[in-house]
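Throughout the sequence shown, residue numbering follows the numbering used here, covering 2 to 399 in sequence. Worksheet: the structure to be examined is printed underneath.
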Amino acid sequence: MNTLLSIEKRNAVLSRMAELLEQERANLKSINQQDLSNYSGDDLAMEKRLLVDDAKVDAMILSMQQLASQEDPVGVERFHFVHDNGLKITNKTAAFGTIMIIYESRPDVTVEAGGIAFKSGNKILLKGGKESLLSNLKIVSLWHQALDENNISKDWVEYLNYNRAETQAFLENPTQRVDLIVPRGGEQLIAFTKKHATCPVIVSGRGNNFVYVNQEADLKKALDIIINGKTTNIGVCNALDKVLIDTKLPNWESFAKQLVTELQKYKVEVLGDTAFANATQVSAITNEEIWYEEFLNYKIVIGIVNSDEEAIAKINKYCGGHSASIITQNDAVAQGFMEQVDCAAVYQNASTRFTDGGQFGLGGELAISTDKLHQRGPIGLQHLVTNKWYIYGEGQIR
Numbered sequence: 002m003n004t005l006l007s008i009e010k011r012n013a014v015l016s017r018m019a020e021l022l023e024q025e026r027a028n029l030k031s032i033n034q035q036d037l038s039n040y041s042g043d044d045l046a047m048e049k050r051l052l053v054d055d056a057k058v059d060a061m062i063l064s065m066q067q068l069a070s071q072e073d074p075v076g077v078e079r080f081h082f083v084h085d086n087g088l089k090i091t092n093k094t095a096a097f098g099t100i101m102i103i104y105e106s107r108p109d110v111t112v113e114a115g116g117i118a119f120k121s122g123n124k125i126l127l128k129g130g131k132e133s134l135l136s137n138l139k140i141v142s143l144w145h146q147a148l149d150e151n152n153i154s155k156d157w158v159e160y161l162n163y164n165r166a167e168t169q170a171f172l173e174n175p176t177q178r179v180d181l182i183v184p185r186g187g188e189q190l191i192a193f194t195k196k197h198a199t200c201p202v203i204v205s206g207r208g209n210n211f212v213y214v215n216q217e218a219d220l221k222k223a224l225d226i227i228i229n230g231k232t233t234n235i236g237v238c239n240a241l242d243k244v245l246i247d248t249k250l251p252n253w254e255s256f257a258k259q260l261v262t263e264l265q266k267y268k269v270e271v272l273g274d275t276a277f278a279n280a281t282q283v284s285a286i287t288n289e290e291i292w293y294e295e296f297l298n299y300k301i302v303i304g305i306v307n308s309d310e311e312a313i314a315k316i317n318k319y320c321g322g323h324s325a326s327i328i329t330q331n332d333a334v335a336q337g338f339m340e341q342v343d344c345a346a347v348y349q350n351a352s353t354r355f356t357d358g359g360q361f362g363l364g365g366e367l368a369i370s371t372d373k374l375h376q377r378g379p380i381g382l383q384h385l386v387t388n389k390w391y392i393y394g395e396g397q398i399r
């Protein structure tokens, strides 16, 4: 078990990390260009996540500064009880110990997720993808410099430069204690981690988010929200993949045609169920299984439903449990939808792109969990803790 670092030491490392990222900005960007030129794949979403530009460096620096200024999440009292016999019983938040983060193509995870896990008192094991190796190693060298300058062992942040077989062997039989694993990436990575891990895994990252346009929708809002959800960043788990339209929406066919026209301006491939395809002349889907798919691409599927109940049932059957939004001016209908849809985040009249720790006021996130244990949705600093009971007695026996 690692001895918990004082909050002053943890904050000093984070603050120093922010300064080093600024100092090494140019170097980091040029090393990242090598990773980009080495990348031979054709996965557009992965390539976008791999890029480190000034905006990404700014975001990394900001996350370090914000983390350094946040309250210590460890040692917070959550429950207090004095027994009839005088025992004082307290429950407090506690660090997990060692957290392993497995991720693909996102050098910013090496900073941001690592920072959240470190601030919450944990040793960090980072297992990044081969496509971002040079960028990751550069960032880890900055972590080590920040730790070293504060007289803290470099072991607090460790990079595991493993191939797939070595990663599998480590998951099945870790050579050191691991208390929690967080996979950040596509469904294959998550399935691989869950299959082989011998400790708890937080499932994160699968989207397949829905927008439902109810019969009382404001159509301008609906259009803006769908375009925003689908086109602003295709490579993220809060992007939009599916739209359902209520047949009771007045002139739904003309809205459908307008929606297709707008999406095609952004080069989005639009597919529809039979009713939608007939109304708009887009290609019809050939397999119902597509409703389960997360695209991470300029692609969307739009379908028609005859009631709110049908929309809710369809979302609960196919969505990834991440985010769903209803567009309606009827607050009672919205509330019913939000209570019955089984997602981590449910919206009325807003884009699913807001499901994000920073946007939710958490100051960043380690992951967005679609599990219901132990925390659902964005996992911020204050959630990346377990708990521990402290009992103070004076010789009581039971």
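No residue lacks a Cβ here, since even glycine has one placed at the ideal position from N, Cα and C.
{"query": "Closest by C-alpha distance to leucine 148, when choosing among Glu217, Met18, Lys389", "result": "Met18"}
{"query": "Reference leucine 382, options Ser121, Ile102, Thr111, Thr99, closest by Cα", "result": "Ser121"}
{"query": "Enclosing alpha helix (DSSP H) for arginine 50 [first to last residue]", "result": "45 to 51"}
{"query": "Segment contact flag, the segment 129 to 144 with the segment 380 to 398, C-beta cutoff 8 angstroms, min 3 pairs", "result": "no"}
{"query": "Span separating the alpha-carbon of valine 183 from that of lysine 249", "result": "43 angstroms"}
{"query": "Nearest candidate by alpha-carbon position, reference valine 269, set Lys231, Glu173, Lys93", "result": "Lys231"}
{"query": "Cβ shell of aspartate 372 (< 7 angstroms), same chain only, five flanking positions each side left out", "result": "Ile203, Val204"}
{"query": "C-alpha gap between valine 386 and leucine 367, whole angstroms", "result": "12 angstroms"}
{"query": "Beta-carbon contacts of leucine 21 that lie in its chain and below 8 angstroms, excluding the five residues immediately before and after", "result": "Leu143, Gln146, Ala147"}
{"query": "C-alpha distance - leucine 37 paired with glutamate 294, whole-angstrom precision", "result": "27 angstroms"}
{"query": "Separation of leucine 45 from lysine 318, as counted between CA atoms", "result": "28 angstroms"}
{"query": "Backbone CA spacing between arginine 79 and histidine 384 [nearest angstrom]", "result": "12 angstroms"}
{"query": "Three-state secondary structure (DSSP) of histidine 84", "result": "coil"}
{"query": "Cα-Cα separation, arginine 11 to threonine 111", "result": "16 angstroms"}
{"query": "For serine 121, the three-state DSSP class (helix, strand or coil)", "result": "coil"}
{"query": "Cross-strand partners of alanine 351 (DSSP beta bridge)", "result": "Looking at the DSSP assignment, alanine 351 forms no beta bridge with any residue, so it has no partner."}
{"query": "Proximal residues to glycine 337 (C-beta, below 8 angstroms), its chain only, five neighbours per side dropped", "result": "Asp309"}
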